[in-house]
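Visitor:
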Amino acid sequence: MELYKEILCHLIQHETVEIRFPDLTPSHEAVEAICYRTLKKIKEKLHDNTLEDRECFEKIEEIICAFEEIGSSGGGRHDFG
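In my numbering, the protein residues as written are 1385 to 1465.
1. Using three-state DSSP, classify arginine 1438 as helix, strand or coil.
2. So, is leucine 1435 buried or exposed, given that buried needs 16 or more other C-beta atoms within 10 angstroms?
3. Quick check on phenylalanine 1405: does DSSP put it in helix, strand or coil?
4. Quick check: the Cα distance between glycine 1465 and arginine 1404, rounded to an integer number of angstroms?
5. DSSP on isoleucine 1454, reduced to helix/strand/coil?
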């Protein structure tokens, strides 16, 4: 929930202030869209074979496992031996 609040606060601070909260559905959709774009950027990095695994092996492994948990492939980045 904390990540949701952070993203929502960031999104709101760049908008014109107009206080209405009839349903909050649009904010939920906006947060989901931001999350999707962020996940897409991470996945693009996973498929960038020019990155050095030695310096970021653990973080790459965590990201790959997170993608595999939702049924998405980490590509060739999970062939660590």
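Where is the CB? At the ideal position from N, CA and C, for every residue including glycine.
Guide: Reading off the structure:
1. In the structure shown, arginine 1438 falls within a helical segment according to DSSP collapsed to helix, strand and coil.
2. exposed
3. Phenylalanine 1405 carries a coil assignment under DSSP once its states are collapsed to helix, strand and coil.
4. With a pLDDT of 48 at glycine 1465, under the threshold of 50, the modelled position of that residue is not reliable, and the figure given next carries that caveat. Using only the alpha carbons, I get a separation of about 54 Å.
5. coil
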